[in-house]
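Only one structure is covered here, and it is reproduced in the block below.
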Amino acid sequence: STGINAEYGGPSLELLLRQTRKMSLIKVTVLMVLVVAAYSAPMELEPIEAGDCNMGNGVVYKNGESFEWRCNSCNCRDGGIGCVPMCAPYNIQCEPGQIIVEVEDPNNSCCTQKICQ
240 STGINAEYGG
250 PSLELLLRQT
260 RKMSLIKVTV
270 LMVLVVAAYS
280 APMELEPIEA
290 GDCNMGNGVV
300 YKNGESFEWR
310 CNSCNCRDGG
320 IGCVPMCAPY
330 NIQCEPGQII
340 VEVEDPNNSC
350 CTQKICQ
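Quick note on my numbering: the sequence shown kicks off at 240 and runs consecutively.
Dropping the structure here:
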């Protein structure tokens with residue numbers, strides 16, 4: 240088996256599942272979205288260049304192109320998608336008697352900031 244799905248020209252489900260074993264959770268989540276999109280509705284897909292990322296809904300990212308998806312910063316690289324969270328983790332320690340409160344980050348609606356009150 241070549242690992243290519245003859246119906247739409249992309250990787251077979253079996254090949255995609257084998258490749259997820261060593262991926263991060265974010266990459267697996269993105270991959271599952273792509274699998275669902277690719278297998279849920281047959282569509283005519285335009286040919287894409289080697290290394291590009293086909294999101295399965297008519298959106299194609301060029302190799303090296305960056306984009307945002309569900310509060311993650313993502314990048315198409317050699318036909319695969321890698322994402323990292325846009326929000327940095329906060330390690331905050333408050334003075335005795337104060338509590339940590341989460342508020343929306345005014346610079347990024349995806350993120351929150353932790354403050355002491």
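Glycine included, every Cβ here is placed at the ideal spot set by N, Cα and C.
- Contact between cysteine 326 and cysteine 355 fails: their C-beta atoms lie close to 19 angstroms from each other, not under 8 angstroms.
- In this structure, glycine 318 places its C-beta atom within 9 angstroms of the C-beta atom of asparagine 302.
- Note: isoleucine 339 is bridge-paired with Cys355 in the DSSP secondary-structure output.
- A buried status is given to isoleucine 320, since no fewer than 16 other beta-carbon atoms sit within 10 Å of its beta-carbon.
- In this structure, Arg309 is the residue among Arg309, Gly336, Ile338 and Cys315 with its C-alpha nearest to the C-alpha of proline 324.
- For asparagine 311, the uninterrupted beta strand (DSSP E) run begins and ends at 311-316, by DSSP.
- Residue pairing by DSSP places glycine 321 opposite Asn314 in a beta bridge.
- By the neighbour-count criterion, in which a residue is buried when 16 or more other Cβ atoms sit within 10 angstroms of its Cβ, asparagine 293 is buried.
- Here cysteine 322 is buried. Its C-beta has 16 or more other C-beta atoms within 10 Å.
- One alpha carbon belongs to alanine 289, the other to cysteine 313, and they sit about 18 angstroms apart.
- Minimum Cα-Cα distance from isoleucine 339 among the listed residues Tyr329, Val298, Cys315 and Ser305 corresponds to Tyr329.
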